[in-house]
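Under our numbering, the first residue of the sequence shown carries the number 38, and numbering increases by one thereafter.
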Amino acid sequence: MNTQTLSAPAVYQGQFGEFTITQSDRTGVIIYRTGLMVAALSLAIASALVVFNNQPATLAALTPLYACFTLALGVSLITIHIYMLALHRMLQAFWAIGSIAAVGLALSSSEPLAVTVYNHPLTLFGVGFTFVALTGIYFKEAFCFNRLETKVLTFTVPLLLLGHLVGILPIPAEQVLLGIWAILFLVFALRKTVQAIPADIGDKSVFTYLKQQRANKG
């Protein structure tokens with residue numbers, strides 16, 4: 038038996054030709070999913086602290102948790118596979134805008150970041166871009182894999198943030214929505230760990246075709 042044949046990478050038939058999945062591709066998917074898991078855990082811990090232990094020391098701890106959340110999300114946005122380059126870059130730009138706004142608020146305010154954002158909803162016009170980027174991931178996953186949790190998250194996150202921005206949600210409703218967000222984000226991240234890696238890579242022939250099209254236009 039030819040051991041070289043056994044170890045050869047699988048060949049997939051894509052829309053625009055055959056392609057193989059490399060170890061680098063697989064590593065990228067693992068990094069993407071790890072970023073999602075870190076972000077989900079950070080959000081879940083922060084949400085639990087807000088709902089069940091709303092004390093000054095707890096609120097101060099939310100800032101480093103948010104830093105972990107947004108950095109992990111940034112890593113996922115680098116390694117996510119999205120066919121439309123413009124959409125990919127737009128989500129990354131939204132993340133960058135939100136991150137810069139968060140750093141600016143954290144440095145300029147004497148209050149913990151979470152308190153500043155909660156007490157001054159208009160800050161969501163800056164920080165909120167990070168969550169727009171996250172919602173973009175939820176929408177992409179819902180569209181590509183028809184996942185129930187990401188479908189719900191695609192509407193839950195904007196509802197919570199916009200509801201707080203315009204002041205129409207009572208505190209209990211905000212807590213419920215925050216809990217739904219945290220739980221379903223964890224469900225989403227956990228389900229990604231058992232999903233076949235090639236699914237997150239997608240059809241590499243499409244990426245190659247689109248790259249060639251951009252090169253020809255250039």
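By construction, the Cβ of each residue, glycine as well, lies at the ideal position given by its N, Cα and C atoms.
Return the residue from the list the options that minimises the CA-CA distance to residue i.
| i | options | result |
| --- | --- | --- |
| Val-48 | Lys-241, Val-140 and Ile-205 | Lys-241 |
| Thr-187 | Trp-218, Leu-161 and Gln-250 | Trp-218 |
| Leu-61 | Leu-80, Pro-46 and Ile-82 | Residue 61 is actually Ser in this sequence, not Leu. Looking at the Cα atoms, Pro-46 is the closest of the given residues. |
| Glu-178 | Val-213, Lys-229 and Leu-161 | Lys-229 |
| Val-194 | Cys-181, Phe-180 and Leu-161 | Leu-161 |
| Leu-190 | Ala-226, Ser-147 and Gln-250 | Ala-226 |
| Lys-248 | Phe-56, Val-224 and Leu-122 | Leu-122 |
| Gly-51 | Phe-244, Ala-252 and Ala-151 | Phe-244 |
| Cys-105 | Tyr-120, Met-74, Asn-90 and Val-88 | Met-74 |
| Gln-212 | Ile-117, Leu-197, Phe-53 and Lys-254 | Leu-197 |
| Tyr-175 | Val-152, Leu-142, Ile-119 and Ser-145 | Ile-119 |
| Phe-182 | Ile-234, Gly-165 and Ile-67 | Ile-234 |
| Ala-98 | Ala-133, Ala-143, Ala-138 and Thr-57 | Ala-143 |
| Gly-135 | Tyr-155, Thr-167 and Asn-91 | Thr-167 |
| Ile-208 | Val-88, Val-154 and Leu-185 | Val-88 |
Which whole-angstrom value is the C-beta distance of residue i and residue j, which I expect to be below 8 Å?
| i | j | result |
| --- | --- | --- |
| Phe-131 | Val-169 | 5 Å |
| Leu-114 | Leu-128 | 6 Å |
| Ala-83 | Tyr-103 | 7 Å |
| Leu-277 | Pro-149 | Here the chain covers residues 38 to 255 and nothing more, so residue 277 does not appear. |
Pull up the DSSP beta-bridge partners for residue i, would you.
| i | result |
| --- | --- |
| Thr-57 | Val-48 |
What alpha helix (DSSP H) runs, 4 residues minimum, are completely inside the segment 164-245?
185-203, 208-230 and 234-238
Could you say if the segment 100-111 and the segment 78-92 meet the contact criterion of at least three C-beta pairs nearer than 8 Å?
yes
What ranges does the beta strand (DSSP E) occupy inside the segment 99-176, keeping only unbroken runs of at least 3 residues that lie completely in it?
none
I want to know whether the segment 63-75 touches the segment 234-254 - three or more CB-CB distances under 8 Å.
yes
What are the uninterrupted segments assigned as alpha helix (DSSP H) that are 4 or more residues long and contained completely in the segment 57-93, given in chain order?
The segment 57-93 contains these whole alpha helix (DSSP H) runs: 60-89.
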